[in-house]
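Chemist:
Residue numbers (this note's numbering): 446 to 682.
What follows is the structure, encoded as structure tokens:
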């Protein structure tokens, strides 16, 4: 039965990651413009490794999906879920207070950005893809769940691959954040260059991207090199 649960879990996230990889070229054209260097940049290798790890889990289940009671991992998982909730509240409840917004309306936008060509999508589709279907959301959901389990890469080859993929992705992104904040080098093909350093730091989306990536990177490194200690067994009196 546990193997079935593992396979269902892996299949759901395999589908989410695969769809994210297929969606990102379109997202980049909407938010950055024609920038193939961003779409096919090294960080996305990390998601391919995660995809391989999830596929391996479907065929060779090894994750331990039992709940971990260690408070540190509970805090890490809860923090990532809080990031997702914050994203939804800010972008689906708070921001929509702007005049004329309707989730059942239509959204017009340049596609690709800077081309002058206008596309029109249903607002509901726009919100779903641009708010709920991002690398931040998918990673926070995946590791928000995994951090709350007893899974450890020392006993799960698939988890080791998933963690390595997450480290590749988040490490590249963290380097990109600091390269812009410290030296002004924009790794995003022009997206960060719209802002000064202070303006970027004041963007709510940058803050939840940064802190979710930081927690995932630290947690993944810790698990990869130290794993999780088994729960202490009380000695009989």
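Think of the CB as a built atom: it goes at the ideal place given N, C-alpha and C, for glycine as much as any other residue.
Quick one: measure Cβ to Cβ for residue 588 and residue 616, integer angstroms, because I've assumed they're closer than 8 Å.
Modeler: Residue numbering aside, residue 588 sits at position 143 when the chain shown is read from its first letter. Residue numbering aside, residue 616 sits at position 171 when the chain shown is read from its first letter. With 8 Å as the limit, residue 588 and residue 616 do not qualify as a contact, their Cβ atoms being about 15 Å apart.
Chemist: Do residue 487 and residue 448 have their beta-carbon atoms positioned less than 8 Å apart in this structure?
Modeler: One-based indexing of the chain shown puts residue 448 at position 3. One-based indexing of the chain shown puts residue 487 at position 42. No, the pair does not count as a contact, with Cβ atoms beyond the cut-off.
Chemist: Spatial neighbours of residue 528 within its chain, please: CB distance less than 6 Å, with the 5 preceding and 5 following residues excluded, ordered by chain position.
Modeler: What you label residue 528 is simply residue 83 of the chain shown in a count that begins at 1. Contacts found: 585, 653, 657.
Chemist: On the DSSP bridge list, what partners appear for residue 619?
Modeler: Position 174 of the chain shown holds residue 619. According to DSSP, which records beta bridges pairwise, residue 619 is partnered with nothing at all.
Chemist: Can you tell me the Cα-Cα spacing of residue 576 and residue 548, whole angstroms?
Modeler: In the chain shown, residue 576 corresponds to position 131, counting from 1. In the chain shown, residue 548 corresponds to position 103, counting from 1. Cα to Cα, residue 576 sits roughly 13 Å from residue 548.
Chemist: Quick check for students: name the residue ranges of the beta strand (DSSP E) that lie wholly in the stretch 497–535, counting only runs of 3 or more.
Modeler: The qualifying runs do not exist here; there are none.
Chemist: What is the rounded straight-line gap between the Cα of residue 451 and the Cα of residue 632?
Modeler: In the chain shown, the residue the question calls residue 451 occupies position 6. In the chain shown, the residue the question calls residue 632 occupies position 187. The straight-line gap from Cα to Cα measures roughly 36 Å.
Chemist: Exposed or buried, residue 495, counting other C-beta atoms within 10 Å across all chains shown (16 or more means buried)?
Modeler: Numbered from its first residue, the chain shown carries residue 495 at position 50. Result: buried.
Chemist: Decide if residue 637 is buried, meaning its Cβ has at least 16 other Cβ atoms within 10 Å, or exposed.
Modeler: Sequence index remark: in the chain shown, residue 637 carries index 192 (1-based). Buried, since its Cβ has 16 or more Cβ neighbours within 10 Å.
Chemist: Hey, out of 641, 649, 579, whose CA is closest to residue 468's CA?
Modeler: In the chain shown, counting from the first residue as 1, residue 468 sits at position 23. Per the Cα distances, 579.
Chemist: Would you check if the distance between the CB atom of residue 741 and the CB atom of residue 660 is smaller than 8 Å?
Modeler: Look at the range of the chain in this structure, 446 to 682, and you will see that residue 741 is not part of it.
Chemist: Going by other Cβ atoms of all chains shown within 10 Å of its Cβ, with 16 needed for buried, is residue 473 buried or exposed?
Modeler: Counting from 1 along the chain shown, the entry for residue 473 is found at position 28. Residue 473 should be labelled buried.
Chemist: How big is the Cα-Cα spacing for residue 503 and residue 639?
Modeler: Position 58 of the chain shown, counted from the first residue, corresponds to residue 503. Position 194 of the chain shown, counted from the first residue, corresponds to residue 639. The straight-line gap from Cα to Cα measures roughly 42 Å.
Chemist: In three-state terms, what does DSSP make of residue 647?
Modeler: The residue you call residue 647 lines up with position 202 of the chain shown. Residue 647 falls in the coil class under three-state DSSP.
Chemist: Mind checking who residue 553 pairs with in its DSSP beta bridge?
Modeler: Start at 1 with the first residue of the chain shown, and residue 553 comes out as number 108. Residue 553 pairs with 565.
Chemist: On the DSSP bridge list, what partners appear for residue 594?
Modeler: One-based indexing of the chain shown puts residue 594 at position 149. 512.
Chemist: Find out if the Cβ-Cβ distance for the pair residue 593, residue 512 is shorter than 8 Å.
Modeler: Your numbering for residue 593 matches position 148 in the chain shown. Your numbering for residue 512 matches position 67 in the chain shown. Yes, Cβ-Cβ distance for residue 593 and residue 512 is below 8 Å.
Chemist: Going by Cα to Cα distance, which pick from 599, 572, 581, 521 is closest to residue 670?
Modeler: Residue mapping note: residue 670 aligns to position 225 of the chain shown, counting from 1. Minimum Cα distance to residue 670 is reached at 599.
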